[in-house]
Amino acid sequence: FERGSLAGLHLLINAGPTREAIDPVRYISNHSSGKMGFALAEAAAEAGARVTLVAGPVNLPTPPRVQRVDVVSAEDMLHACQNALPADVFIASAAVADYRPAHCADSKLKKDPHSGDGMTLSLVRNPDILATLSSPPAGQARPWCVGFAAETNEVLSYAQGKLQRKNLDLIIANDVSQPGIGFNSDDNAVTLIDRSLQQHSLPHASKQKLARQIIAFIAEQLARQPS
Ligand code: C5P
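Below you can see the structure in the form of structure tokens.
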């Protein structure tokens, strides 16, 4: 990990969950803590990058020298990321909700006395933020794109599929079925898969330590690129 290795570059990182409103008091979300993305933002700033961190609702302090933009929903997060462009690198660590309620009710939904025990919520797909930024319209610069693949089984083959389908430069795969790592924990263990499908394993460590290793890996890959 070298200080200054990302000097002059703009890194855009998103982190945390999104919240998708059902009505003024309820939402759909997930247990993402944002820790991995915040650790990456901190490490990238230490490496000399200008960092924009687009954060969903999380309970974490902003790392030093990081420009933070707070958002709530997936659509807000997409717009905040697009507003932060151009970026040299985009790291999508956010756990974006795949679906949102088709309509957000204007007032608090009431229990329906005629509906029996059930209730049906209609959902629609959210935009894929990473796939959107990794394939920009003609004439717009494309950031070097990094995604995460949190899987419970066939981790590496699903991750490889995502790398190709979402047009990424790097995918960071982690096995969330293992206790003590990944979602909402302080530690992680990941495998990096690059565009040539080479795999690099980073063993179990704190998210801070892994973030520094991931940032060093990205800096090394960028240094090799023809500019
Ligand atoms: O397809 P899946 O959700 O497993 O892909 C995970 C990767 O895609 C993560 O990097 C995540 O931040 C990103 N993603 C996104 N927008 C979505 C869903 C996932 O940017 N709507």
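Using the UniProt record's numbering, the letters of the sequence shown correspond one by one to residues 181 to 407.
Ideal Cβ placement from N, Cα and C applies to all residues, glycine included.
Taking 7 Å as the cut-off, the C-beta of residue 278 counts as close to a heavy atom of ligand 1.
When C-beta atoms of the region 290-297 are compared with those of the region 336-352, fewer than three pairs fall below 8 Å, so the two segments do not count as touching. Put simply, of 353, 367, 322 the residue whose alpha carbon is nearest the alpha carbon of residue 335 is 353. Selection around ligand 1 by beta-carbon proximity, strictly under 7 Å to any non-hydrogen atom, yields 194, 254, 272, 273, 274, 275, 276, 278, 306, 307, 308, 309, 310, 311, 327, 328, 329, 330, 342, 346 in chain order. In the three-state reduction of the DSSP assignment, residue 363 falls in the coil class.
Contact between residue 309 and residue 258 holds: CB atoms are separated by about 5 Å, below the 8 Å threshold. Cβ neighbours of residue 193 within its own chain (closer than 6 Å, five residues either side excluded): 217, 220, 221, 233, 271.
Considered as a whole, the region 271-353 harbours 279-281, 303-305, 324-331 as its complete beta strand (DSSP E) runs of no fewer than 3 residues, in chain order. Setting aside the 5 residues that flank it on each side, residue 338 is surrounded in the same chain by 329, 331, each with a C-beta closer than 7 Å to its C-beta; the list follows chain order.
For residue 194, the enclosing beta strand (DSSP E) covers residues 190-195.
In the structure shown, residue 262 adopts helical secondary structure according to DSSP, grouped into three states. In terms of CA proximity to residue 321, 266 leads the group 266, 188, 229. Taking the Cα positions, residue 396 is about 15 Å away from residue 188. Boundaries of the beta strand (DSSP E) around residue 200: 200-203.
In the DSSP assignment, residue 225 falls outside any beta strand (DSSP E) and lies within the alpha helix (DSSP H) extending over 215-226. Counting along the chain, the unbroken alpha helix (DSSP H) around residue 393 starts and ends at 387-404. Counted as a single uninterrupted DSSP element, the stretch harbouring residue 183 is not any beta strand (DSSP E), since DSSP gives it neither H nor E. Annotated three-state conformation of residue 369 is strand, per DSSP. Secondary structure of residue 229 (DSSP, three-state): coil.
The residues 258, in chain order, have a CB closer than 6 Å to that of residue 307 in the same chain once the five nearest residues on each side in sequence are set aside. The C-alpha of residue 277 is placed about 11 Å away from the C-alpha of residue 303. Here residue 316 is not near residue 268, since their CB atoms are 8 Å or more apart.
Bounds of the beta strand (DSSP E) holding residue 250 are 246-250.
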